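Participant:
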Amino acid sequence: MNNDGIIIIEDNSTMRLGIEETLRRDGYNAISFDDGTAALNHFIKHPAELAIIDLKMEPMNGIEVLKKIKGISSQTEVLMISAYGTVEDAVKAMHLGAADFMTKPFSPDELRIRVKNIFEKIHSTKKIETLIEQNKLLESELTEGFEEIIGKSEAIQKIFALIEQISQKESTILITGESGTGKELIARAIHNKSNRREHPFIKINCGALNDNLLESELFGHEKGAFTGAIKQKKGRFELADKGTLFLDEIGDVSSGMQVRLLRAIQEGEFERVGGEQTIKTNVRIIAATNKKLDKLIAEGKFREDLYYRLSVIPVTIPSLRERKEDIPILVDHFLNKSSVKNRTRKKNIDEAGLNQLKEYAWPGNIRELENLIERLTVISEGELINSELINRHLFGQSVNVNVGDNLPLEAALYNFEKGLIVQAMKKSDGAKNRAAKILGISTSVLYYKLEKYGLM
Ligand SMILES: Nc1ncnc2c1ncn2[C@@H]1O[C@H](COP(=O)(O)OP(=O)(O)OP(=O)(O)O)[C@@H](O)[C@H]1O
Ligand SMILES: [Mg+2]
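Numbers in this note's numbering are just positions in the sequence shown, counted from 1, shifted up by 69.
1) Take alanine 37 as the anchor and find which of Glu127, Glu291, Phe485, Lys496 has the nearest alpha-carbon.
2) Distance, Cα to Cα, glutamate 253 vs arginine 265?
3) Within 10 angstroms of its Cβ, does arginine 414 collect 16 or more other Cβ (buried), or is it exposed?
4) Taking 8 Å as the cut-off, does the CB of alanine 258 come closer than this to any heavy atom belonging to ligand 4?
5) Less than 8 Å between the CB of alanine 367 and some heavy atom of ligand 2, yes or no?
6) Beta-carbon separation of isoleucine 319 and leucine 243 under 9 Å?
7) Run the CB neighbour count on proline 269, radius 10 Å, all protein chains shown included, and call it buried at 16 or more, exposed below.
8) Can you find the residues in the same chain that come closer than 8 Å, C-beta to C-beta, to valine 514, ignoring five residues on each side of it along the sequence?
9) Does the beta-carbon of glycine 320, which I'm using as the reference point, lie nearer than 8 Å to any heavy atom of ligand 1?
10) Are at least three pairs of beta-carbons, each pair with one atom in the stretch 215-232 and one in the stretch 383-400, less than 8 Å apart?
11) For proline 397, write down the residues that DSSP places opposite it in a beta bridge.
12) For a test of your reading of the model: does the CB of alanine 357 fall under 8 Å from any non-hydrogen atom of ligand 1? Yes or no.
13) Look at the alpha carbon of arginine 183 and the alpha carbon of glutamate 286, and state the distance between them as a whole number of angstroms.
14) At what residues does the alpha helix (DSSP H) containing alanine 120 begin and finish?
15) Have a look at Leu379, Ile418, Ile435, Thr446 and flag the residue whose alpha-carbon is nearest the alpha-carbon of asparagine 411.
16) Can you tell me which of the three DSSP states alanine 230 falls into?
17) Using the C-alpha atoms, what's the distance from glycine 87 back to valine 156?
18) I'd like to know whether the C-beta atoms of valine 384 and isoleucine 273 end up nearer to each other than 9 Å.
19) At a cut-off of 8 Å, is glutamate 253 close to ligand 2 when judged by its beta-carbon and the heavy atoms of the ligand?
20) Using a threshold of 9 Å, state whether the C-beta atoms of valine 526 and glycine 276 are closer than that.
21) Compute the minimum distance between the beta carbon of serine 142 and the heavy atoms of ligand 2, and state whether it is under 8 Å.
22) Sorted by chain position, which residues of the same chain lie with C-beta nearer than 6 Å to serine 467's C-beta, five sequence neighbours on each side aside?
23) In whole angstroms, what is the alpha-carbon distance linking lysine 139 and asparagine 130?
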């Protein structure tokens, strides 16, 4: 039997069983019902690729069933059948998305050919979709892949030397560091310098997905594994084959998922969700987190065995506070970058302004610096960005803004909100759910704002 599923809805039982039998013999996974309601109840749980629907049925007629089937799963193809088929009926069914229309009576061979044609179409679109999916992932990786990494401090030079040393190796790497320090940038650099560079660099943000989604994103799923799993889907472990899999925010993974990950990493094999076949994959793992994993281990929230498995080569990226000598060249780099992006002449920052930037604590690290420079480039009118302007934009931290400060309303509000968010994050020791509570907003709104202000 092949895996192609067909649901038949026909109230004439001789016809219904005849169709089912013919298609089963051809190896299809066919099931039949004599009324729409029962069929739909089954279909919600077990969507099929093709539905064969009789037009004239009671109490729910074929057109209603067709609409409902398409509503549940728009990708399911429909073949309508009818003894009294009029042109209008056929046109209506086609308008509602039916792939074909057949008039009774028909021979088993006629049925076979129509069904075979529909499946050929289904399979070729499937192939194209997989290709498009892979291409999309690869394309975004390519454009993001070759970002320059700036830094001359001893701390960052040590990291560069380490990258040279470890890129060609196969061992698993764990990158830690505060948010915005460049963990992802370093992970991509390692991949680009590795022997795997011709193969995909696939990223997954483990913190952003719930367990079910994460599991199916990582390992893929078989058709029918859960409601809505209308077709088989490859997971990132498979898509990253021969390349690098970047497990971002690994500190946010639940303990159940930690067990599954450990096995996949350790043995290089896994099963798709709802599948029995064991799939082998050859990926290099780079994981990253801004969480303190030793603390999570002590609290029983992170498995020690997984930690050791991941941190074969640990890379710790220093915060921007710990390498302040990099600030001027980073500022220069971002001034260039944002002038190109905004198609303006490159702006400069006066000495007092630069000193201020060097003194600031940068809780959001390089990302915060990058966002600030971009903002300054856009709002400053002259070519020289002065310390006064920087002061206003940096020290949103001092939540007091007065009308006399001569700050446009939008900028003042920006500072005000940013200041409150920084305060809440400090108060909650960086715990986003607590900070969100203090501010009276949802965690997802907080995420959005942290990103907006370059604080993530
Ligand atoms: N040394 C660097 N030189 C130039 N740009 C950098 C450097 N480090 C980081 N960046 C830039 O800063 C931004 C944040 O970097 P990245 O996304 O790699 O940080 P991260 O550590 O993964 O942050 P998070 O923990 O929030 O995910 C990116 O736009 C990146 O290009
Ligand atoms: Mg990151």
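Beta carbons: idealized from backbone N, C-alpha and C, even for Gly.
As the structure is a computational prediction, the values presented were derived from the model and not from experiment.
Facilitator: Reading it off the structure:
1) Since the first residue shown for the chain is 70 and the last is 525, residue 37 is missing from the structure and cannot be characterised.
2) As a working mapping, residue 253 is identified with position 184 in the sequence shown. As a working mapping, residue 265 is identified with position 196 in the sequence shown. One alpha carbon belongs to glutamate 253, the other to arginine 265, and they sit about 17 Å apart.
3) To locate residue 414, count along the sequence shown from 1; it is residue 345. A residue is called buried when at least 16 other Cβ atoms come within 10 angstroms of its Cβ; arginine 414 does not meet this threshold and is exposed.
4) Among the ligands in the structure shown, ligand 4 does not appear; only ligand 1 and ligand 2 can be found there.
5) Walking along the sequence shown from the start, residue 367 turns up at place 298. No, ligand 2 has no heavy atom inside 8 Å of this Cβ.
6) The residue given as residue 319 occupies position 250 in the sequence shown. The residue given as residue 243 occupies position 174 in the sequence shown. In this structure, leucine 243 lies closer than 9 Å to isoleucine 319 by Cβ.
7) As a first step, residue 269 must be located in the sequence shown, where it is residue number 200. The residue in question, proline 269, is buried, as its Cβ has 16 or more Cβ neighbours within 10 Å.
8) Here residue 514 refers to the residue found at position 445 when the sequence shown is read from its first residue. Correct list, in chain order: Ala505.
9) Along the sequence shown, read from residue 1 onward, the residue named residue 320 stands at position 251. No, the beta carbon of glycine 320 sits no closer than 8 Å to any heavy atom of ligand 1.
10) At 8 Å Cβ cutoff, the stretches touch.
11) As a working mapping, residue 397 is identified with position 328 in the sequence shown. None, per the DSSP bridge assignment.
12) Counting from one through the sequence shown, the residue named residue 357 turns up at place 288. Alanine 357 has its CB nearer than 8 Å to a heavy atom of ligand 1.
13) The residue you call residue 183 lines up with position 114 of the sequence shown. The residue you call residue 286 lines up with position 217 of the sequence shown. Taking the straight line from one Cα to the other gives about 35 Å.
14) One-based indexing of the sequence shown puts residue 120 at position 51. Counting along the chain, alanine 120 falls outside any alpha helix (DSSP H), though it belongs to the beta strand (DSSP E) covering 119-123.
15) Numbered from its first residue, the sequence shown carries residue 411 at position 342. Ranked by Cα distance from asparagine 411, the first of Leu379, Ile418, Ile435, Thr446 is Thr446.
16) Position 161 of the sequence shown, counted from the first residue, corresponds to residue 230. Per DSSP, reduced to three states, the secondary structure at alanine 230 is helical.
17) The count along the sequence shown starts at 1 and reaches residue 156 at position 87. The count along the sequence shown starts at 1 and reaches residue 87 at position 18. Between the C-alpha atoms of valine 156 and glycine 87 there is a straight-line separation of about 25 Å.
18) On the sequence shown, residue 384 is found 315 positions in, with the first residue counted as 1. On the sequence shown, residue 273 is found 204 positions in, with the first residue counted as 1. No. Outside cutoff.
19) Here residue 253 refers to the residue found at position 184 of the sequence shown. It does: the Cβ of glutamate 253 is within 8 Å (strictly closer) of some heavy atom of ligand 2.
20) Examination of residue 526 is not possible in this model, given that the chain is present from 70 through 525 alone.
21) Within the sequence shown, the letter at position 73 stands for residue 142. The answer is no for serine 142.
22) For the purposes of this step, residue 467 is taken as the residue at position 398 of the sequence shown. Caution is warranted here: a pLDDT of 48 is assigned to serine 467, below 50, making its placement in the model unreliable, and no coordinate value can be reported.
23) Counting from one through the sequence shown, the residue named residue 139 turns up at place 70. Counting from one through the sequence shown, the residue named residue 130 turns up at place 61. Straight across, the Cα-Cα distance linking lysine 139 with asparagine 130 is about 15 Å.
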